[in-house]
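Chains as they are written, first to last, in UniProt numbering: chain S, 1 to 122; chain Y, 1 to 385; chain A, 1 to 385. Data block below; observations after.
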Amino acid sequence: MYSEKVMDHFENPRNVGEIADADGVGLVGNPTCGDIMKIYLKIDNDVITDIKFKTFGCGAAIATSSMVTEMAKGKTLDEALRLSNQSVAEALDGLPPQKMHCSNLAADALHAAIDNYREKQK
Amino acid sequence: MKSIYMDHSATTPVDKQVFEAMVPYFTEIYGNAASVHSQGRQASRAVELAREQVAALIGASPEEIIFTSGGTEADNQAIIAYMLANRSKGRHIITSAIEHHAVLHCCDWLARQGFEITVLPVNPLGVVEPATLSKALRPDTALVSIMHANNEVGTLEPIAELAAIAHEAGAVFHTDAVQTVGKIPVDVRELGVDLLSASAHKLYGPKGVGCLYSNKKVGITGFVHGGGQENGKRAGTTNVPGIVGFGKAAELAGQNLPVRAAKLTELGQRLIKGLLKEIPHTRLNGHPTERLPGSVSVSFDYVEGESILLMLDSYGIMASSGSACTSGSTDPSHVLLALGIPVESAHGSLRLTMGKDNTDADVDRVLEVLPTIIKKLRAMSPLGH
Amino acid sequence: MKSIYMDHSATTPVDKQVFEAMVPYFTEIYGNAASVHSQGRQASRAVELAREQVAALIGASPEEIIFTSGGTEADNQAIIAYMLANRSKGRHIITSAIEHHAVLHCCDWLARQGFEITVLPVNPLGVVEPATLSKALRPDTALVSIMHANNEVGTLEPIAELAAIAHEAGAVFHTDAVQTVGKIPVDVRELGVDLLSASAHKLYGPKGVGCLYSNKKVGITGFVHGGGQENGKRAGTTNVPGIVGFGKAAELAGQNLPVRAAKLTELGQRLIKGLLKEIPHTRLNGHPTERLPGSVSVSFDYVEGESILLMLDSYGIMASSGSACTSGSTDPSHVLLALGIPVESAHGSLRLTMGKDNTDADVDRVLEVLPTIIKKLRAMSPLGH
Ligand SMILES: Cc1ncc(COP(=O)(O)O)c(C=O)c1O
Ligand SMILES: Cc1ncc(COP(=O)(O)O)c(C=O)c1O
Ligand code: FES
Ligand code: FES
């Protein structure tokens, strides 16, 4: 059902946790649909220097969260905004069709965290 | 790593003795049971023996057994074929909110054909209360269908009482006993049911074969139309090896039932107590005692079911979350919701269903591994404390 | 005494290789294909491989294959589920007088629900003539169902031509190809059919499993309602070993088809010629050349079919009289009557259907034994000269 990459990120998720003094925090999903993702960013000079996640959800939800943190780390905010749910799924060698919409929210969570950071800058 | 299978409510391995009984019917006694030549006659004798074995397990007469392709088809025949053939008796059906989709989707389908369905609620332990049925019965209620034990939470329903109430009101009573036949004593006369569905693969028999018990009063008609097999009640070339396997599985289940049920009840209770003790924010789903032996359903707050399953699987422990039939879906189980369990907790549900080969060591292993898994997932979760 | 099985149109023995392929899925890889754990994933992979194997045999894409409990259920789904779900497209169905009961009884059932059925006659060779179909089509014809080869007399129907005519009139086309898949080349695109039924036990696969091919255009709905298996198109726990066996049987059939068909055509023609020559007052039923390889149907005047079968059986030769599915009945075959064969001759019909393991010696043996049997029975008969 899941690719080896998905299973790897599920079993050994990267960047799990919270950042106490985060510069931006994004939260997407809701408990009724089964997936909630929260992403914390540390930003220096428009570059993501640290990123952590917390996720409630299935294997796909955890794996996409983990993958998006790896992909975003070290990127500028504009580069990070170009990451899409689709590109996260592709980096994981794909997701089962029934998992494509519900669990594939990780890029949305990242974008929400960036928006939150930019809101605060205003 | 030794693997531990705890998903017996989804399906069971075929018993070695059952498999041995089936073997000759693939390549040696391969005849069509309807053929008059010796190949056909041998096949047909084997099928009739199996019919006796299955009938004996549930206290029925052989001629009351219709072999089908499984529990699902038996449910379809009991509900759809019965209602379509008995329009004059009424267009109202009563069922419960925790039925298997094989029953609920038949009712949905009939509703689209103009029939009326009442779906009874259950109490928080998953029991269909007799008083609820009494109130729902109408003069035009033709059929009541309530399952014997629920496949997700394991709660046993008071079928004898419910059937008596339905009969008083003149309705026919069907029970989906797919989860009980072979696991606890099932006697169609004691239960007083008119129609009963069973499936071989839940009792160490093969997949793709089941039966509908139907008493004479009901006069059930065919659901799958075609040749005159099964006394005109189920068309299609008789699945001889499958039916032989079902028969053998029924025979073995009858012999081993008391010992197995006692052992599984004990293992189940120990597992439940251990999980509730070792893992905080955990609740048992279903009835604490009136439940299927060896069947455990729990909900862990703040975590999601599929991720628990995948982590358990990496330890070689196989379980399920809600019904296996719907595990491709992302909807929380309709059964857990019907018990009043909040959506978030329903997502964090786990079903561990033990079988004849599970041991005390298996229970110990789950109690060792599961707390760590839940802790790890909770550490990842944005919810809760 | 070596036994000679010549009833392959009723059912076939499971091929040894097919059986070997199935074995692990009873006791080792026993998971429910819907389960997320490793047992379930292995089962599901095996089912998807089988889907590719079956699809390849008939030139379909894997996602166009719905596994069912057999050819009968596939026919029920193609006809009943299609018509009930497409009432707006028309309430008229066209079929033929020589269809299997799995098709005819579905049509009868629909007729009782208010649908209109036209049953096309066949010519004396058993062919549905395209002109007959053209005349019967109406603006409200939703479905045309004509079998690919007849199971009793072996005649092949001009499906590509019939399907094109149906499509021109806007009707969907179904063919019951239970007797042809695996025996002669069957390609759904070349035939141009929308729906096609097949059954594993006719091609050395197991009983109790078949499939419905359904192209995207049709949007077929489920017939058996319940869990979401088979992409929501067929509920019921997936019969993993059965489907694995069907897949393997399809693969082997594809590899061996040209050689086997050539051999069986030759054996069949020799048997036909021999019988017509050796036994007076004998006629061939069905088309002399456009017929299933190795399938022989003959009528002997002044004798009765079952007594021929029983005498043949005492020589170890297994055959059938009319369709095996209806051999419990005493009505003469509806197929033979539709070909214009008189009732008395229909009663004296014999079907010898050869398979991959029949040999020239088997044909010789039948040609040696059968004339004596017929002579003996005729000497007993009050009819004839
Ligand atoms: C309660 C219940 N009813 C019906 C079914 C369907 O039976 P089958 O899998 O034989 O179609 C199942 C299991 O899948 C079940 O647990
Ligand atoms: C032409 C035809 N259609 C349908 C069937 C039914 O298929 P099954 O036996 O798989 O139900 C048969 C054989 O029995 C057949 O010969
Ligand atoms: S939990 Fe919703 S699909 Fe992942
Ligand atoms: S031929 Fe004996 S039943 Fe009619």
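Quick reminder that beta carbons are idealized off the backbone N, C-alpha and C, glycines included. Predicted model only: the values in this text are computed from it and were never measured.
8 angstroms is my cut-off, CB to CB: does Y:Ser323 come that close to chain S? Note on Y:Ser323: pLDDT 38, under 50, position unreliable in the model; no value is reported.
Distance between S:Ala91 and A:Met354 (C-alpha atoms, nearest Å): Inter-residue distance for A:Met354 and S:Ala91 is about 55 angstroms (C-alpha atoms, whole angstroms).
Thinking A:Leu377 and A:Val303 are a contact (beta carbons under 8 angstroms), I'd like their distance in whole angstroms, please. That belief holds up - the Cβ atoms of A:Leu377 and A:Val303 are roughly 4 angstroms apart, short of 8 angstroms.
Three-way DSSP call (helix, strand, coil) for A:Cys325 in this model: Interpretation of A:Cys325 is limited by its pLDDT of 42, a score under 50 that renders its predicted location unreliable; the figure taken from the coordinates is listed afterwards. Of the three classes helix, strand and coil, the one that applies to A:Cys325 here is helix, per DSSP.
Can you have a look at S:His9 and say buried or exposed, based on whether 16 or more other CB atoms are within 10 angstroms of its CB? buried
Which residues bound the alpha helix (DSSP H) around Y:Cys106? 101-112
Determine which residues share a DSSP beta bridge with A:Ala149 and list them. A:Leu156
Can you list, in chain order, the residues of its chain with a C-beta nearer than 8 angstroms to that of Y:Gly227? Leave out the 5 residues immediately preceding and following it. Ala34, Ala235, Gly236, Thr237.
Determine the chain S residues that contact Y:Met83 at a beta-carbon separation under 7 angstroms, and present them in chain order. Those do not exist, as Y:Met83 stays about 32 angstroms from chain S at its closest Cβ, beyond 7 angstroms.
Return yes when the Cβ of A:Asn32 is within less than 8 angstroms of the Cβ of Y:Thr180, no when it is not. no
Against chain S, with Cβ distances strictly below 8 angstroms, would Y:His347 count as a contact? yes
Tell me the residue span of the alpha helix (DSSP H) that contains A:Thr72. 71-76
Proximal residues, the region 33-45 of chain Y versus chain A, C-beta separation under 8 angstroms: Ala34, Ser35, Val36, His37, Ser38, Gln39, Gly40
Got a sec: is the Cβ-Cβ distance from Y:Leu383 to anything in chain S below 8 angstroms? yes
Helix, strand or coil for Y:Tyr82, going by three-state DSSP, please let me know. helix
Residues of chain Y with a CB under 7 angstroms from the CB of A:Ser320: which are they? Ser35
Of the residues Y:Ile65, Y:Lys135, Y:Cys106, Y:Gly40, which one's Cα is nearest the Cα of Y:Phe115? With distances taken between Cα atoms, Y:Phe115 lies closest to Y:Cys106.
Count the C-beta pairs between the region 71-83 of chain Y and the region 344-362 of chain A that are closer than 8 angstroms, then say yes if the count reaches three, no if not. no
In terms of alpha-carbon separation, which member of S:Ala60, S:Ala72, S:Asp78 lies closest to S:Tyr40? S:Ala72
When the cut-off is 8 angstroms and only beta carbons count, does S:Glu11 lie next to chain Y? yes
Within a Cβ cutoff of 7 angstroms, which residues of the same chain sit near A:Ala111, ignoring the five residues on either side of it in sequence? Ile117
Once you ignore the five residues that flank A:Gly70 on each side, which residues in its own chain have a CB closer than 7 angstroms to its CB? Ser199, Gly208, Val209, Gly210
How is A:Asp176 classed by DSSP in three states: helix, strand or coil? Strand, per DSSP.
Of all Cβ atoms in chain A, is any one closer than 8 angstroms to the Cβ of Y:Glu251? no
Specify, as a first and last residue, the run of the beta strand (DSSP E) that S:Asp44 falls within. 35-44
If you follow the alpha helix (DSSP H) that A:Arg260 is part of, which residue opens it and which one closes it? First-last of the alpha helix (DSSP H) with A:Arg260: 240-278.
Taking A:Asp176 as the reference, which of A:Ala319, A:Ile98, A:Gln113 has the closest Cα? A:Ile98
Do Y:Leu120 and Y:Ala250 have their CB atoms nearer than 8 angstroms? no
Check whether the Cβ of Y:Val303 lies closer than 8 angstroms to any Cβ atom in chain S. Cβ-Cβ to chain S under 8 angstroms: yes for Y:Val303.
According to the neighbour-count rule (16 or more other Cβ atoms, all chains shown, within 10 Å of its Cβ), is Y:Arg189 buried or exposed? exposed
Where in the region 16-57 of chain A do unbroken runs of the alpha helix (DSSP H), each at least 4 residues long, occur, reported from the N-terminal end onward? Runs of the alpha helix (DSSP H) lying entirely within the region 16-57 of chain A and spanning at least 4 residues, in chain order: 16-22, 24-27, 38-57.
Report the neighbours of residue 424 of chain Y on chain A: residues whose CB is nearer than 9 angstroms to its CB, in chain order. The structure shown does not extend to residue 424 of chain Y, since chain Y is modelled only from 1 through 385, so no value can be given for it.
Could you check which residue in S:Ser66, S:Lys75, S:Leu105 has the C-alpha nearest to that of S:Val6? S:Ser66
Sequence-distant residues of its chain with Cβ nearer than 7 angstroms to S:Ala107 (five each side left out): Cβ within range, chain order: Val68, Leu83, Ser84, Asn85, Val88.
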